[in-house]
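Peer 1: Mind having a look at this structure? Questions to follow.
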Amino acid sequence: MQEWIQLFIDGLTIGGVYAVIALGYTLVYGVLRMINFAHGELFMMGAFTGYYTLNGFEKHSSLNDQVPVFTIGLAIVLGMVVAVVLAILMERIAYRPLRHAPRLAPLISAIGVSIFLRNVMLRVTEAQGKVYPAVFPRTTIEYGQIHVLYVQIFLITLSLVFLLLLYLFIERTKIGTAIRAVAEDRGTAALMGINVDRTIVMTFVAGAALAGASGVVYGMYVTTVTSGMGFIPGIKAFTAAVLGGIGSVPGAVAGGYFLGITESLTTKVFGAQYKDVVAFVLLVGVLIFRPWGIFGKREDKRA
Amino acid sequence: MSGGGTARNAMRDLRGLPERVRSQMRATRGGAAVVRFGHYVLLPVLAVAAGLAPEHLSIRWAFLAIVLIAYVMLRASSSLFGVAVLAATLVVLPHYMDTFERGIMFNIALYALLGIGLNVVVGYAGLLDLGYVAFFATGAYLYALLAAPIRGGGFDVGTSFWLVLPMAMVLAALVGVVLGIPVLRLRGDYLAIVTLGFGEIIRIMANNETGLTNGPVGVFQIPKPHFFGQELATPFELYFVVIAGCFVAAFATERVRDSRVGRAWEAIREDEDVAASMGVNTTFYKLLAFAMGAAIGGAGGVFFSAKQSAIDPTSFNLDVSINVLALVIIGGMGNVRGVLLGAMLLIGLPDVLRDFSIDFLFVHLSNLGADYRLVIFGAALVAVMVLRPQGLLASRRRALEFQQTEILESELAT
């Protein structure tokens with residue numbers, strides 16, 4: 001039993017990460033009807049920004065030890081900033097010129113951005129994984145057979161905070177309202193005086209900020225970051241977004257936690273090496289039998 | 304509304320023109336003939352000369368010359384003569400290359416073959432497949448497992464290469480259909496992600512199903528094929544087999560494209576719903592595209608494992624699918640000429656520029672071809688989509704589709 005609880009907590013941790021990344025997919029899909037293939041790479045770039053920030057403090061001062069709250073906070077903020085800047089650039093360069101092109105074109109362009117960022121980082125890091133400085137004690141809270149890292153608790157909490165912030169942003173702010181309006185009907189939104197281009201950029205910004213920040217925290221959790229690290233979480237988060245019904249914000253959150261926990265629990269059944277296969281099978285299953293998502297509402301002509 | 308209408312208008316305009324203008328236009332056509340003479344006669348001569356005198360002219364320049372010829376020639380026309388000259392160049396030139404360069408030529412030929420296969424799926428039927436490596440792996444493992452001895456991780460069935468080749472094509476086609484059935488209802492983005500998932504699943508299975516595939520260790524001591532008693536031991540000898548395969552595949556796929564089947568694919572690509580309502584059996588034709596593309600990919604896998612003599616799951620990662628997709632798209636979707644050019648540019652050029660480096664101000668990029676190849680691929684994919692979405696050498700119809708959507712959309716927007 002305790003083993004299951006352990007797996008559940010691990011699943012909750014990774015599920016939070018999926019949920020936060022999945023929001024980026026869902027938001028962009030909502031306004032552009034396009035899958036931002038390079039979204040996982042924003043997550044990766046955030047993780048690397050966090051690494052370089054914390055590593056800089058580790059080398060040149062003792063701030064990591066004295067005020068870890070400050071350095072961690074700064075790493076997260078910088079991770080967000082880098083991801084946001086990249087997202088704005090990619091929207092401008094690779095996606096906006098293709099808004100009226102056939103649907104295949106922005107998708108291929110996004111794949112290009114993803115390959116580009118991944119391999120730039122591969123060169124920058126010289127294909128070496130980077131190890132995060134130990135800003136969190138690697139000791140665990142123990143309860144019988146259950147071990148929980150401090151950083152796991154931090155990650156679970158932070159994911160919930162991000163989700164809450166995003167919810168407030170979408171529901172309560174003017175920009176959030178604009179995003180919802182554009183997602184509903186771009187043409188009508190434009191007629192109502194909404195600046196569609198700016199709203200689309202803001203959607204990318206919101207998604208990227210979340211991805212960048214969760215990249216930093218995820219880096220602290222897994223400790224080793226590589227240039228390819230965004231790929232699998234990116235696909236998983238996409239799966240999560242599809243599970244919850246792509247385009248739906250609560251769906252992405254539910255899908256993220258659902259996928260994280262399912263994946264974690266099934267490692268006990270099929271073994272850890274088939275973890276990724278479980279996610280893909282879920283994705284295919286949902287797309288075939290319930291393309292509007294487990295939690296989404298049915299719509300004609302999807303997928 | 305349609306391309307046909309525009310062409311008819313152009314014809315009418317030409318008829319109504321005064322004789323003076325018409326004669327001028329005819330003269331321009333004569334000029335084009337002169338240019339074509341240059342493409343067909345002078346450039347190949349230059350290339351062969353470059354190949355004949357390797358000690359005087361670096362092979363890199365010879366290779367660049369081939370690419371240039373291929374581009375200009377393929378661009379000018381797709382006539383049989385042009386193809387014949389290109390084929391002659393591809394067959395003659397490697398005789399004057401060293402082992403390393405012959406290895407590059409083999410890779411180009413192999414990826415051209417894979418590109419021709421993927422082109423059926425992506426270019427003709429318009430189904431974005433990111434898991435093409437699955438079929439490549441199927442073919443490679445089938446030959447490796449059947450032909451390699453037990454201590455090499457195989458089953459020592461000792462099946463001949465020439466027997467495995469059709470078997471691999473059939474098996475890969477079956478895999479293509481099996482993977483194709485669940486994704487029949489998916490389009491565009493979803494299809495891309497799910498096929499990507501299939502490619503990864505095949506790799507993960509090759510890695511974990513140790514009993515069947517020998518797991519991460521892979522299969523080694525894969526024997527070389529024999530051709531009328533002579534062993535095809537080097538990549539150079541295998542190169543000609545692959546080139547032959549390319550031409551067969553190119554011929555076959557272009558013939559199919561021009562048939563009833565090809566028209567059905569075209570209809571599905573342009574609008575699946577309309578195609579279905581016009582009575583096109585979309586299920587059948589989509590699966591046929593998957594099967595045909597997969598069969599060619601399977602053949603490519605057999606050639607690959609015959610050349611490698613040892614394979615393991617790391618050879619079958621997502622990069623293979625991306626390389627093949629990139630060369631199809633950058634070269635020009637929907638035609639074999641584009642695929643050929645794409646393979647030369649994307650697979651050949653990085654290797655030719657392997658130890659080429661740039662020193663610019665504070666930037667020092669060494670080993671440009673090997674290390675930065677994927678960085679450049681990524682940027683090139685974006686650039687091609689934004690600047691020339693039909694690819695460097697597009698089929699005319701495909702180019703028109705890309706333009707039309709833009710016109711239609713902009714008409715709707717205003």
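Sequence lines, in order, name chains A and B. Numbers 1 to 303, taken from the working numbering, label the letters of the first sequence in order. Numbers 304 to 717, taken from the working numbering, label the letters of the second sequence in order. Built from N, CA and C at the ideal position, the CB exists for glycine as well.
Closest by CA to P102 of chain A, which one among B:L621, B:L430 and B:V394?
Peer 2: The residue with the shortest Cα to Cα distance from P102 of chain A is B:L430.
Peer 1: Does the pairing of the region 569–581 of chain B with the region 434–446 of chain B give three or more beta-carbon distances under 8 Å?
Peer 2: No: fewer than three Cβ pairs fall under 8 Å.
Peer 1: Tell me which same chain residues have a C-beta within less than 8 Å of the C-beta of A209 of chain A, skipping the five on either side of it?
Peer 2: Counting only Cβ-Cβ distances below 8 Å, and skipping sequence neighbours, we find M80, A83 and V84.
Peer 1: Under the three-state reduction of DSSP, which class applies to Q533 of chain B: helix, strand or coil?
Peer 2: Q533 of chain B falls in the strand class under three-state DSSP.
Peer 1: With DSSP run on the structure shown, which of helix, strand or coil describes L149 of chain A?
Peer 2: Of the three classes helix, strand and coil, the one that applies to L149 of chain A here is strand, per DSSP.
Peer 1: For the region 496–520 of chain B, which residues have a beta carbon sitting closer than 9 Å to at least one beta carbon of chain A?
Peer 2: Under the 9 Å Cβ criterion, the region 496–520 of chain B contributes I496, V497, L499, G500, F501, E503, I504, I507, M508, N510 and N511.
Peer 1: Quick one: list the residues of chain B neighbouring N372 of chain A, beta-carbon separation under 7 Å, in chain order.
Peer 2: Nothing can be reported for residue 372 of chain A, as the shown portion of chain A is limited to 1 through 303.
Peer 1: How long is the line joining the alpha carbons of K236 of chain A and K275 of chain A, rounded to whole angstroms?
Peer 2: Distance between the alpha carbons of K236 of chain A and K275 of chain A: 11 Å.
Peer 1: Which residue or residues does DSSP assign as beta-bridge partners of S613 of chain B?
Peer 2: A small fix is needed here, since residue 613 of chain B is Ala in this sequence, not Ser. For A613 of chain B, which the question treats as bridged, DSSP gives the partners B:F523.
Peer 1: Which value, in whole angstroms, describes the spacing of the CA atoms of L413 of chain B and A213 of chain A?
Peer 2: C-alpha separation (whole angstroms): 43 Å.
Peer 1: At 4 residues or longer, what runs of the alpha helix (DSSP H) sit wholly inside the region 46–95 of chain A?
Peer 2: Complete alpha helix (DSSP H) runs here, min 4: 63–66 and 68–90.
Peer 1: Expressed to the nearest angstrom, what Euclidean distance is found between the alpha-carbon atoms of L695 of chain B and A613 of chain B?
Peer 2: When rounded, the distance between both Cα atoms is 35 Å.
Peer 1: Comparing alpha-carbon positions, which option in B:L417, B:L433 and B:V424 lies nearest A443 of chain B?
Peer 2: Of the listed residues, the one whose Cα sits closest to A443 of chain B is B:L417.
Peer 1: Mind listing the chain B neighbours of L158 of chain A? Cutoff is C-beta to C-beta under 9 Å, in chain order.
Peer 2: Result: empty, since nearest Cβ-Cβ is about 27 Å, beyond 9 Å.
Peer 1: Go to E263 of chain A, then tell me how far its alpha helix (DSSP H) extends in each direction, as first and last residue.
Peer 2: Unbroken alpha helix (DSSP H) run through E263 of chain A: V249 to F270.
Peer 1: For the ligand FMN, is there any heavy atom lying closer than 7 Å to the beta carbon of V85 of chain A?
Peer 2: Judged by which ligands are present, the structure shown has none, so any question about the ligand FMN falls away.
Peer 1: Would you kindly check if the distance between the Cβ of V278 of chain A and the Cβ of F270 of chain A is under 8 Å?
Peer 2: Against a cut-off of 8 Å, the Cβ pair of V278 of chain A and F270 of chain A comes out as a contact.
Peer 1: Are the Cβ atoms of I525 of chain B and Q611 of chain B separated by less than 8 Å?
Peer 2: Yes, the pair counts as a contact, with Cβ atoms nearer than the cut-off.
Peer 1: Does any residue of chain B bring its CB to less than 8 Å from the CB of P97 of chain A?
Peer 2: With 8 Å as the cut-off, P97 of chain A counts as an interface residue toward chain B.
Peer 1: Would R691 of chain B pass as an interface residue toward chain A - the criterion being a Cβ-Cβ separation below 8 Å?
Peer 2: Chain A contact via Cβ: absent.
Peer 1: Does the pairing of the region 37–54 of chain A with the region 187–194 of chain A give three or more beta-carbon distances under 8 Å?
Peer 2: Output reads no: the region 187–194 of chain A does not touch the region 37–54 of chain A.
Peer 1: On the three-pair Cβ rule with 8 Å, is the region 220–230 of chain A touching the region 196–207 of chain A?
Peer 2: No, they do not touch.
Peer 1: In the DSSP assignment, find the unbroken beta strand (DSSP E) run with I141 of chain A in it and report its ends.
Peer 2: Taken as a continuous stretch (DSSP letters only), the beta strand (DSSP E) holding I141 of chain A covers T140 to Y143.
Peer 1: With 8 Å set as the bound, which would you pick, yes or no: does the beta-carbon of A19 of chain A sit closer than that to a beta-carbon of chain B?
Peer 2: Not closer than 8 Å to any Cβ of chain B, the Cβ of A19 of chain A fails to qualify, so no.
Peer 1: Name the chain B residues whose beta carbon is nearer than 9 Å to that of D276 of chain A?
Peer 2: The contacting residues are G500, E503, I504 and I507.
Peer 1: With a 10 Å radius around its C-beta and 16 neighbouring C-beta atoms as the bar for buried, classify W4 of chain A as buried or exposed.
Peer 2: It is exposed - the Cβ of W4 of chain A has fewer than 16 other Cβ atoms within 10 Å.
Peer 1: Below 7 Å CB to CB, which residues in the same chain sit around T586 of chain B once its five sequence neighbours on both sides are set aside?
Peer 2: Cβ within range, chain order: L487.
Peer 1: Could you check whether G479 of chain B and A552 of chain B sit closer than 8 Å to each other, using their CB atoms as the reference points?
Peer 2: Going by C-beta atoms, A552 of chain B is not nearer than 8 Å to G479 of chain B.
Peer 1: In whole angstroms, what separates the C-alpha of F177 of chain A from that of E171 of chain A?
Peer 2: Per the sequence shown, residue 177 of chain A should be read as Thr rather than Phe. Those two C-alpha atoms are separated by around 6 Å.
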